[in-house]
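Peer 1: Read left to right, the sequence shown gives residues 36 to 448 (the numbering used here).
Below is the structure I would like to discuss, written out as structure tokens.
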Amino acid sequence: MFTPVVVLLGLGLSLTHTFPSQAPEAGKNWVVIVAGSSGWYNYRHQRGASVYGTTIRNAADDRPISVPLCSNPTPGVVINRPNGTDVYKGVPKDYTGDAVTPENFLAVLKGDSANAKGGSGKVLKSGPNDHVFVYFTDHGGPGILAFPDDELHVKDFQDTIKYMRDNKKYQKMVMYIEACESGSMMTDLPEDIDVYATTASNSHESSYACYYDEKRDTYLGDWYSVNWMEDSDVEDLTKETLVKQFKIVKKHTNTSHVQQFGNKTLAHMKVMAFQGNSMAGAPRAPPMTLQPVVDPDLTPSPDVPLAILKRKMMASNNLQQTRGLLMEISTHLKYEYAIRHLYALVNLCERGYATDRCVCVCVCVCVCVCVCVCVCVCVCVCVCVCVCVYTLVPGSRIDPVQGGQDNAGGWLV
């Protein structure tokens, strides 16, 4: 009988290697998948459903995985590449909609069923001999990961990881994070707590969407996630190491700087130790064959809504619809400007600065901006006046052909 929660499979132990053992002694593998966002523009984040298929294909039997997953915007069907097959069918969705929150995510990791609200109640029941694999995909910013109606802050995330280590919730843990500025969530990850993490980007750049689908008017995947998932599909995971997968993903993800953090000796373990169960004697699923996509259509994640609206506008033959799309584009640009500056303010507050100091800085910045704008306006007015005077007022133009040179060498009219 297996644990009826996020248990994927059980493994055996080998201590005959220089690098860390490939499997926990008398332990289990646990997988937590988080696709945090909602809405049609974020369809690609539901690609996390295919992680379930990847792990189940390599499992001894079909054991449930905890999947905090927002409701699918196309009910019942999710494809993850052009002309792909449905990867959503059969995926357990333990937390959906309003239950996809930072609090529930952290409760799942801590094994805190008392504070897991609104979902199935499933949480990690892992122990000191177990492996844990966590995959997160959503939006992000410096020091935060986004959820539908809230954000997870880096301090809370790091504190939870340390809590898991202190309370022996794992033997080894691997985390893959897909989000803009996702490197900022792992910069301070200690190297001595047996956690290995890779991120889609560094602390200062966007991750990228890919595989635009004309039929659905949305993107099907994120470039970092597509690269590691498709690598897991086509490789022999009993032979491929985490560091090899990292190097492959880093090479193919040429739009951002894929990062690795934590205990890098864990990267020499086989991918199967976290995404499958061959060590326990389960038959390995044969590698898949995937046809290459000629044009992945890479787009920065923050630009996805705007890119979709522009594509829809270009494809529209309806004047009224085109006008509506233009209004949406204008509104989106205003929101994008506000959100980018709001992130900066949030991170300033999160660093422990007093509220009055933050307000003072904001006021100073606003005053400086206003002064600069006023100066620019004054300069523009002066230039315009000078041009008008020079052009329209008779006798104001200095003409060296008609004038003569005075004793001081200046020109006279």
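C-beta: ideal position from N, C-alpha, C; glycine also.
Report buried or exposed for Asn202, applying the criterion of at least 16 other Cβ atoms within 10 angstroms of its Cβ.
Peer 2: That one is exposed.
Peer 1: Using alpha carbons as the reference points, say which of Asp391, Ile228, Glu216 and Pro117 lies closest to Asp252.
Peer 2: Residue Pro117 is the option with its Cα nearest to Asp252.
Peer 1: Please check if any C-beta of chain C sits within less than 8 angstroms of the C-beta of Asn64.
Peer 2: Protein chains in the displayed structure number just one, and chain C is not present.
Peer 1: Identify, in the order they occur along the chain, each residue of the same chain with its Cβ nearer than 8 angstroms to the Cβ of Ala232, setting aside the five sequence neighbours on each side.
Peer 2: So the qualifying residues of the chain are Val209, Met210, Tyr211, Ile212, Met221, Leu224, Gln295, Phe296 and Gly297.
Peer 1: State buried or exposed for His239, treating a residue as buried only when at least 16 other CB atoms are found within 10 Å of its CB.
Peer 2: Exposed is the call here.
Peer 1: Output the residue ranges of the beta strand (DSSP E) runs that lie fully inside the stretch 268-340 and measure 3 residues or longer, sorted by chain position.
Peer 2: If we require 3 residues or more, the beta strand (DSSP E) runs fully inside the stretch 268-340 come out as 294-297.
Peer 1: Quick one: give me the first and last residue of the alpha helix (DSSP H) that Glu138 is part of.
Peer 2: Residues Pro137 to Lys145.
Peer 1: Mind checking whether Glu216 and Gly175 have CB atoms under 8 angstroms apart?
Peer 2: Yes. Within cutoff.
Peer 1: Gly132: buried (16+ other C-beta within 10 angstroms of its C-beta) or exposed?
Peer 2: Exposed is the call here.
Peer 1: With burial defined as no fewer than 16 other Cβ atoms inside 10 Å of the residue's Cβ, what is the status of Gln356: buried or exposed?
Peer 2: Exposed is the call here.
Peer 1: Inspect the CB distances between the stretch 298-313 and the stretch 324-337 and report whether three or more fall short of 8 angstroms.
Peer 2: With a cut-off of 8 angstroms, the stretch 324-337 and the stretch 298-313 do not count as touching, because too few Cβ pairs lie within range.
Peer 1: Within its chain, find whatever has a CB closer than 6 angstroms to the CB of Pro99; leave out the 5 residues flanking it on each side and keep chain order.
Peer 2: Its pLDDT being 40, under 50, Pro99 is placed unreliably in this model, and the value from its coordinates should be taken loosely. The answer, listed in chain order, is Pro127.
Peer 1: Assuming contact is defined by CB atoms lying nearer than 8 angstroms, are Trp263 and Val284 in contact in what I supplied?
Peer 2: Yes, the Cβ-Cβ distance between Trp263 and Val284 is below 8 angstroms.
Peer 1: Within 10 angstroms of the Cβ of Gln206, are there 16 or more other Cβ atoms? Answer buried if so, exposed if not.
Peer 2: Label assigned to Gln206: buried.
Peer 1: Tell me the rounded alpha-carbon separation between Leu341 and Ala244.
Peer 2: The straight-line gap from Cα to Cα measures roughly 13 angstroms.
Peer 1: Is the beta carbon of Pro177 sitting closer than 8 angstroms to the one on Ser241?
Peer 2: Against a cut-off of 8 angstroms, the Cβ pair of Ser241 and Pro177 comes out as no contact.
Peer 1: Using DSSP's beta-bridge definition, name the partner residues of Lys207.
Peer 2: Beta-bridge pairing links Lys207 to His166.
Peer 1: For the structure I just gave you, are there three or more beta carbon pairs, one from the stretch 266-278 and one from the stretch 303-310, closer than 8 angstroms?
Peer 2: Yes, they touch.
Peer 1: Could you give the distance in angstroms between the alpha-carbon of Asp268 and the alpha-carbon of Phe281?
Peer 2: Going from the Cα of Asp268 to the Cα of Phe281 covers about 15 angstroms.
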